[in-house]
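K.L.:
Questions regarding the structure given below will be posed in turn.
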Amino acid sequence: SAQSPTQQTTAFLLSLGYSNAVSKGIIDALIQNGIPHSSLLGMVKGLAGRYEVGEDAGLETLAASVKTELETMQGKEQLKVWFLPSTGWSSEGEDDDGFGIPTIHSMDRAFPVQVHEGTNLADIARFGTSENCGVLREYLECACNGIMACSTCHVVVHPEWFDSTKPSDEVSASGVDQSKIGTPTEAEQDMLDLAFEPQSTSRLGCQITLTKALDGLVILLPEGSNNLMDDIPFDG
81 SAQSPTQQTT
91 AFLLSLGYSN
101 AVSKGIIDAL
111 IQNGIPHSSL
121 LGMVKGLAGR
131 YEVGEDAGLE
141 TLAASVKTEL
151 ETMQGKEQLK
161 VWFLPSTGWS
171 SEGEDDDGFG
181 IPTIHSMDRA
191 FPVQVHEGTN
201 LADIARFGTS
211 ENCGVLREYL
221 ECACNGIMAC
231 STCHVVVHPE
241 WFDSTKPSDE
251 VSASGVDQSK
261 IGTPTEAEQD
271 MLDLAFEPQS
281 TSRLGCQITL
291 TKALDGLVIL
301 LPEGSNNLMD
311 DIPFDG
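When we follow our numbering, the leftmost residue of the sequence shown carries the number 81, and every step to the right adds one.
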């Protein structure tokens, strides 16, 4: 039998990688906004934009707000992350690998952002709706939509929250200290090497997922960013 418009739209959203719950939430939100069932698939495809080349036209933002609502309803804990602009810290000296060593001068300019556990730092900047998310967006660009193909979400972890002996892919292993952020994977380090003035505690924001143990985390924001995506000629 032929699929209903709702089933067709759900299938399309699932093919883009959205979960069943988020897909249903997107469809519900559109129907609540007066979109007729017969127009659902066309509307969602329009919002998806040129998704195959990462040019979203609003679907990701809608999906993120649906996800936030679902997380609130599921009782995920809210955490606080502090972000310190470059006026509050500087790079002093170099480590053995030639990376700068971040030194904090003042936390006066730091601003807090409330987030749900399970969110990554880049998504806070891209989709966050809580206070100061707009400020954070001015510092973090996230040009590649979180697929680790750029360094524009480069952040520097406060040294007290960083464990240089822990690989990041062991973060969830039992017996590993959950209250510290580990070192980047090799693929992530390749991107960080292209970042603006990488430091010994540099990470990509899209690769740092927040857990309860990271409540109160302090992140240092670089003075600039290198967006190599700007230099890639896209056919359009």
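Every residue gets a Cβ at the ideal spot worked out from N, C-alpha and C, and that includes glycine.
Can you check whether the CB of Leu150 is closer than 9 Å to the CB of Val102?
P.N.:
Their beta carbons are under 9 Å apart, which means Val102 touches Leu150 by this criterion.
K.L.:
What residue from Glu135, Pro302 and Leu96 has the CA that sits closest to Cys233's CA?
P.N.:
Of the listed residues, the one whose Cα sits closest to Cys233 is Pro302.
K.L.:
Should Ser305 and Leu272 be called a contact, given that it needs their Cβ atoms to be closer than 9 Å?
P.N.:
no
K.L.:
Are the region 257 to 276 and the region 205 to 221 touching by the rule of at least three beta carbon pairs closer than 8 Å?
P.N.:
Remark: fewer than three beta-carbon pairs, one from each stretch, lie closer than 8 Å, so the region 257 to 276 and the region 205 to 221 are not flagged as touching.
K.L.:
Which class does Glu303 belong to by DSSP, given the choice of helix, strand or coil?
P.N.:
Coil at Glu303, not helix or strand.
K.L.:
Let me know the secondary structure DSSP gives Lys246 once reduced to three states.
P.N.:
strand
K.L.:
Taking the alpha-carbon positions, what's the Leu94 to Asn113 distance?
P.N.:
21 Å
K.L.:
Would you tell me roughly how many angstroms separate the C-alpha atoms of Pro313 and Ala229, rounded to the nearest one?
P.N.:
For Pro313, the predicted structure reports a pLDDT of 43, less than 50, and the residue's modelled location is therefore unreliable. A value from the coordinates is still provided. Taking the straight line from one Cα to the other gives about 15 Å.
K.L.:
Just how far apart, CA to CA, sit Ile56 and Ser170?
P.N.:
The structure shown does not extend to residue 56, since the chain spans only 81 to 316, so no value can be given for it.
K.L.:
May I ask you to list the residues that DSSP assigns as paired with Lys160?
P.N.:
In the DSSP output, where bridge partners are listed per residue, Lys160 has Gln194.
K.L.:
Can you tell me which of Ala144, Leu120 and Cys213 puts its alpha carbon nearest to the alpha carbon of Ala205?
P.N.:
Cys213
K.L.:
Leaving aside the five residues before and after Thr89 along the sequence, list all residues of the same chain whose C-beta is less than 7 Å from its C-beta, in chain order.
P.N.:
Ile107, Leu120, Leu121 and Val124
K.L.:
What residue range does the alpha helix (DSSP H) around Gly105 cover?
P.N.:
Going by DSSP, Gly105 is part of the alpha helix (DSSP H) stretching over Asn100 to Gln112.
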